[in-house]
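Report on the structure given below.
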Amino acid sequence: MARLLILGAGIAGHTAALHANRLLGREHEVVVVSPNSLWNWIPSNIWVGVGEMKPEQVTFPLKPVYDKLGIQFHQAKATTLHPEGDSERPRPYVTIESTEPASIGRIENIAYDYLINATGPRLNFEATKGLGPAHNSFSVCTATHAAETSAALDETVERMKKGEKQTFLIGTGHGSCTCQGAAFEYLFNVEFELRRRGVRDKARIVWISNEPELGDFGMGGMFIRRGGYITHSRIFTESLYAERGVEWITRAAVNDVDRDAVAFETLDGERSSIQADFKMLLPSFSGVGLKSFDRSGADITASLFAPSGFMYVDGDYTSKPFDQWRPSDWPEMYQTPRYPNIYAIGIAFAPPHSITRPTFSPSGTPIYPTPPRTGMPTGVMAREVAHAIVNQILGRDRPAKGASLARMGAACIASTGVSALKGTAVSMIVYPIVPDYETYPETGRDLNYTFGEIGLAGHWIKHLLHFGFLYKAKAKPFWTMIPE
Amino acid sequence: MEYDQSIKQGYRPPLPTGFTKAIRTNPIWQFFRFLVINFKILRMVRKH
């Protein structure tokens, strides 16, 4: 009997657990360790953040689902990884610390045959002074954060109804942020809500981002065919901002969030500040800080994890200029080179480099997005890694399919307002996610598959995805029919 | 220094016409687009 241990139960870890459990049956063990008792459909957090949904509508308890499926679940956080075991324990194992209220702090060792690191990010609010719900800004990264943000939005609207003018600053709170799409969605949902609540005329809304241009989204933007032209996403994104009366600041690294103002540095070296009453700024991400030790007890963390805390996998991490980056640099199987029975998926794997060209201010501050690796690509890599591990456990001689971001497309439905008949969303499809200028020399992507459009249909699709993925995550009948 | 010039570029982005804005929320047209976008997504998913 083999044991697959999965660290993390977000979109990556949970998807891998469902597929592995389905394929392995009861003869083998699937064990999931997650510090959270709830599963969260994170793409809908933005709707919690504007009061259109409650946290209970975007989360559900994991344990009943795992009990139903026969998956072992530990509500705990992994603290150390021992891929060679130690002098007393010959098998590799992970040390976990319980986060369950009844046994909080209890330490336990779990041995494994195969390990998937799907721990996701640590929300690195500390990297920016004054950033985060504990200080001077709001977040929609978790359902709890989003609910707090919604309450603050309600208070701000009440002040506006009394005649006060308010400035909203929404975007990224650090020069190395990713997930611009989530902030983009929140921006336009706030703008839509303010119009719906009749106070839009009292609001100045400003977007701030580390993107080189609007429409970059951490993937270097995209080109689409439209109106007889091949046009960059910047044009359409700027058009939406102008149409909705939203100002923008790009190429900016926020470095200090005060109670009433936000200071930032731009790529040209200028240091500025902007007064803001309501601030929703995303943090940068880092790894969760898992330490690793070899059999002798020596610290081998640096050989398994990048300085950012994300895990090295089968990508090409050689330092080289932007023009020499190749699609083949990107990992296929998400397998660590040193320990082939360890995989890292979702945000937990270290990308070999950014997708957007890296840029630095004159003082050396990096100001560019790190690659997005959430949502659909995460689900696909989780499924493929689960298949690869199952094939090894069952001794099947099947070639691994792989899930390189340079050979995979992604669909992103970005909400720009919630309403059954007046809502809209931007529907974006890119193929491949990492531009491939060897195969598609002009734009880096296949224009037959790359697409963008705004409209009510996108809102319907976003709503459909919300219910579809919650249904799938609960492993209800025929859940495998819903693609990642 | 107070940041007072958030739109630094010297041109105005293209704006949608009234017709374009109207069809974005026209239920009949959008139902058709719903089918088209879903088809495009499924086609892309099958490509992997």
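Chains as they are written, first to last, in our numbering: chain A, 832 to 1315; chain B, 914 to 961. Backbone N, C-alpha and C fix where the C-beta goes; we use that ideal spot for every residue, glycine too.
Per the DSSP secondary-structure output, Q997 of chain A pairs in a beta bridge with A:A1034. In the three-state scheme derived from DSSP, where H, G and I count as helix and E and B as strand, M1259 of chain A is classed as strand. Less than 8 Å divides the Cβ of I1080 of chain A from the Cβ of W1038 of chain A. By alpha-carbon distance to P964 of chain A, the top candidate from A:P1114, A:G1100 and A:L836 is A:P1114.
Within chain B, no C-beta atom comes less than 7 Å from the C-beta of F1054 of chain A; the nearest is roughly 16 Å away. For W870 of chain A, the enclosing beta strand (DSSP E) has its first and last residue at L869 to N871. For I1066 of chain A, the neighbours in chain B by C-beta distance under 9 Å run, in chain order, P926 and P927. Fewer than three pairs of CB atoms, one per stretch, sit closer than 8 Å, so the segment 912 to 930 of chain A makes no contact with the segment 885 to 901 of chain A.
Taken atom to atom, the span from the alpha-carbon of N1086 of chain A to that of M1142 of chain A is near 27 Å. Against I941 of chain B, chain A offers no close residue; the least beta-carbon distance is about 11 Å (beta-carbon pairs closer than 8 Å).
DSSP, reduced to helix, strand and coil, places P1182 of chain A outside both helices and strands of the structure shown, so it counts as coil. For A1179 of chain A against G1118 of chain A, the beta-carbon gap comes to about 7 Å, under 8 Å, which counts as contact. Listed along the chain, the chain A residues whose CB falls inside 7 Å of the CB of F947 of chain B are A1288, W1291 and I1292. Under the three-state reduction of DSSP, L1025 of chain A is assigned to helix. Within the model, the alpha-carbon separation for G880 of chain A versus Q1011 of chain A is close to 16 Å. Within the same chain, Q997, V1030 and K1033 come within 6 Å of M991 of chain A by CB-CB distance, once the 5 residues on both sides are set aside.
Taking the Cα positions, Y1280 of chain A is about 50 Å away from G1128 of chain A. With a beta-carbon spacing of about 13 Å, G1289 of chain A and F1023 of chain A fall beyond the 8 Å limit used to define contacts. CA-to-CA, the gap between P1168 of chain A and D1145 of chain A works out to about 6 Å. Contact with chain A is absent for T930 of chain B, since none of that chain's Cβ atoms lies less than 8 Å from the residue's Cβ. Rounded to whole angstroms, the separation of the alpha carbons of N967 of chain A and K934 of chain B is 37 Å. With the rule of 3 Cβ pairs closer than 8 Å, the segment 1235 to 1251 of chain A counts as touching the segment 1196 to 1216 of chain A. For L1252 of chain A, a Cβ of chain B is located within less than 8 Å of the residue's own Cβ. Residue state for E1069 of chain A is assigned as helix, using DSSP reduced to three classes.
At a cut-off of 8 Å, the C-beta of Y1262 of chain A has a neighbouring C-beta in chain B. Taking 8 Å as the threshold, the shortest C-beta distance from M1259 of chain A to chain B does not fall below it. With contacts defined by Cβ atoms closer than 8 Å, V971 of chain A and Y1017 of chain A form a contacting pair.
The Cβ-Cβ distance between H1063 of chain A and G1049 of chain A does not fall below 8 Å. Residues of chain B with a Cβ closer than 8 Å to the Cβ of S1070 of chain A are, in chain order, P926, P927, L928 and P929.
Rounded to the nearest angstrom, the Cβ distance from A833 of chain A to A1213 of chain A is 18 Å, too far for a contact under 8 Å.
Within the model, the alpha-carbon separation for A1251 of chain A versus L946 of chain A is close to 43 Å.
Secondary structure of I938 of chain A (DSSP, three-state): strand. Under the 8 Å criterion on CB atoms, G1206 of chain A is classed as non-interfacial with respect to chain B. With distances taken between CA atoms, S1103 of chain A lies nearest to A:A1092 out of A:W1156, A:M1111 and A:A1092. When A:E887, A:P952, A:K908 and A:H850 are compared, the shortest CA-CA separation from S865 of chain A is found for A:K908.
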